[in-house]
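K.L.:
Each number in my numbering comes from the position in the sequence shown (counting from 1) with 751 added on.
Note that beta-carbon positions come from the ideal geometry of N, C-alpha and C, so glycine has one too.
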Amino acid sequence: MVTTQDVKNMVLFAEGNPEMMKTLKNLNIFDYWVNKYRDFEEMLNCEYPALVKLWDIDLHCLRLYTRMEKEMEFYPGKAVMFKTLAEAHKGSILKDMETISEVLHMEYDDFFGLE
């Protein structure tokens, strides 16, 4: 879970890091990026490269459970269980994205308008 202080630290770091600044600004319309890409992990790597490390464990579990879901296709009950676990980790990442975006909107007057 991302806290307000975590986001403030990200903004401080972004002041001297253009990649982080671009990544944070992409959170203004994160729903757009989520819908634009077919592959969730590719979207994270392309649009949020500076934050991928933040979601390292969730991404590992997402990959693992997605692979297990495919391997268990002949065992529907198990496949559904692994799909549910994968979706939970994806949901965790999306919740962090939403939280960061909300903090940026609340704590900084015109963060997304600044260049």
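Just confirm the distance between the C-beta atoms of TYR816 and ALA837, as a whole number of angstroms; I'd bet it's less than 8 Å.
P.N.:
Indeed they touch by this definition, with Cβ atoms about 4 Å apart.
K.L.:
Evaluate LEU778 with the Cβ neighbour count: other Cβ atoms within 10 Å of its Cβ, from every protein chain shown; 16 or more gives buried, anything less gives exposed.
P.N.:
Result: buried.
K.L.:
To the nearest angstrom, report how far apart PHE781 and LEU775 are at their CA atoms.
P.N.:
Their backbone Cα atoms lie some 10 Å apart in a straight line.
K.L.:
Which residue marks the beginning of the alpha helix (DSSP H) containing VAL831, and which one marks its end?
P.N.:
Unbroken alpha helix (DSSP H) run through VAL831: 827 to 858.
K.L.:
Apply the 10 Å Cβ neighbour rule to LEU855 and answer buried if 16 or more other Cβ atoms are within range, or exposed otherwise.
P.N.:
With 16 or more other Cβ atoms within 10 Å, it is buried.
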